[in-house]
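One line per chain: the protein sequences are A and B, in this order.
Residue numbering for the first sequence is 1 to 125, as defined by this note's numbering.
Residue numbering for the second sequence is 126 to 207, as defined by this note's numbering.
Think of the CB as a built atom: it goes at the ideal place given N, C-alpha and C, for glycine as much as any other residue.
Quick notes on the structure that follows.
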Amino acid sequence: MNVHTRLTQGPLTDLTDSSYTQGSGARIVFDGVVRPIEDGTKIQGLDYEVYRPMAEQQLEVIGLELLERHGLITMDIEHSVGFVPNYQCSFRLVIESRHRKEGLLAMDEFINRLKQDVPIWKSAK
Amino acid sequence: MPQYTILLFGPAAAAVNLNRVVIDSAGLCSADQLKDLISQQFPPLDVYLQAGRLAVNQSFIASDTTICTDDEIALITMVSGG
């Protein structure tokens, strides 16, 4: 399977894998970072609550759908669970595709779907 | 009398200070009927039901789908991942 999903406790660590999949012409990385201000109020970070079995399933379903529709090579999806301090990464999406265009389209579409269909809730702390 | 257990998360859980509610029903319900019962029996959840969806066994369902009492049911309010 070319879609990998992970729910990770706390902030996500730096991306360390620098190898590319055969056939890849583009790798696009999106890091979602916690901002220090939420709705005009200073915060310490965000706490993510997850309905884990459904979130894992939804991430994979959406990933597989986009992988097939856009002809992507790989999709790696990771989201934090629990508290993530300001300026730390809470969501990462890595897409490899043959060309940049389909990868960029899929990136934007995935993030929109994440914010619509994946049962993850954040609360400011 | 059938009873449904509904899992709650995020703001909906906070609204009633519970992570699940048990709903009494006269019979088996569709998703829309169950949402109406939740609203009647737990009025603070009404605002979350307006924009929320029910998930059954970890999948979103159509509003007219009949739900069994032993299904895993969750109220999925507006999500905010990312």
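**Study point:** Integer-rounded CB distance, given that residue 187 of chain B should sit under 8 angstroms from residue 156 of chain B
**Key:** The Cβ separation is near 7 angstroms, so the contact holds.
Exercise for review: Would you mind telling me which residues of chain B sit closer than 7 angstroms to residue 114 of chain A, beta carbon to beta carbon, in chain order?
Suggested key: 206, 207, listed in chain order.
Review point. Looking at the structure shown, is residue 48 of chain A part of a helix, part of a strand, or coil, going by DSSP?
Key: In this structure, DSSP gives residue 48 of chain A an extended state, which the three-state scheme calls strand.
Check your understanding: Under 7 angstroms Cβ-Cβ, which residues of chain B neighbour residue 33 of chain A?
Key -> Listed along chain B, no residue sits closer than 7 angstroms to residue 33 of chain A by beta-carbon distance, the nearest being about 10 angstroms off.
Check your understanding: Around the C-beta of residue 37 of chain A, are 16 or more other C-beta atoms found within 10 angstroms, so that it is buried, or is it exposed?
Key -> Around the beta carbon of residue 37 of chain A, fewer than 16 other beta carbons lie within 10 angstroms, which makes this residue exposed.
Review point. Where are the alpha helix (DSSP H) runs, 4 residues long or more, that stay fully inside the stretch 4 to 57 of chain A, in chain order?
Key: DSSP runs (the alpha helix (DSSP H)) wholly in the stretch 4 to 57 of chain A: none.
**Study point:** CB contact flag (residue 43 of chain A, residue 106 of chain A, <9 angstroms)
**Key:** Contact flag unset, no.
Check your understanding: In angstroms, rounded to a whole number, what distance separates the CA positions of residue 74 of chain A and residue 172 of chain B?
Key -> Straight through space, the alpha carbons of residue 172 of chain B and residue 74 of chain A are spaced by roughly 39 angstroms.
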